[in-house]
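Engineer: Residue numbers (this note's numbering): -5 to 113.
For reference, the structure I am asking about is given below.
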């Protein structure tokens, strides 16, 4: 795995942390796979891309920052991303995402957030 993939997936994760992306249903549909599932740090489970897109339209946004970003290639065209997410006024969580490349485009198929102990 090259630095290009690391930088590319970091850019996609950072895009998903931005309020402009989170409120843009078309962009979210490009970034999230049709079979996307999320286990949120809140304890909620979102079983479909449509649920996530609908839910984010009413989100009260909190600025986020990514640290300790790492990528592990699981197989050709499938990568595991892990990092810490720091949300202003909310706290820190451990995040993991599985990204899959199809037709030259990377899409997130799975995401999990777990509350982290204070640093």
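Cβ coordinates follow ideal geometry from the N, Cα and C atoms, glycine included.
Note that this is a predicted model, so its numbers are computed, not measured.
Quick one, which of 16, 82 and 67 has its alpha-carbon nearest residue 58's?
Structural biologist: For residue 58, the nearest C-alpha among the options comes from 82.
Engineer: Using C-beta distances below 7 Å, list every residue in its chain close to residue 95, excluding the 5 sequence neighbours before and after it, in chain order.
Structural biologist: Only 71 meet the Cβ criterion.
Engineer: Can you grab the Cα-Cα spacing for the pair residue 101 / residue 27, in whole Å?
Structural biologist: Taking the straight line from one Cα to the other gives about 5 Å.
Engineer: Return the CA-CA distance between residue 62 and residue 86, expressed in angstroms with no decimal places.
Structural biologist: Cα to Cα, residue 62 sits roughly 12 Å from residue 86.
Engineer: Assuming the contact rule is C-beta atoms closer than 8 Å, residue 29 and residue 103 should be a hit. Round their C-beta distance to whole Å, please.
Structural biologist: Contact flag correct, Cβ pair sits at about 6 Å.
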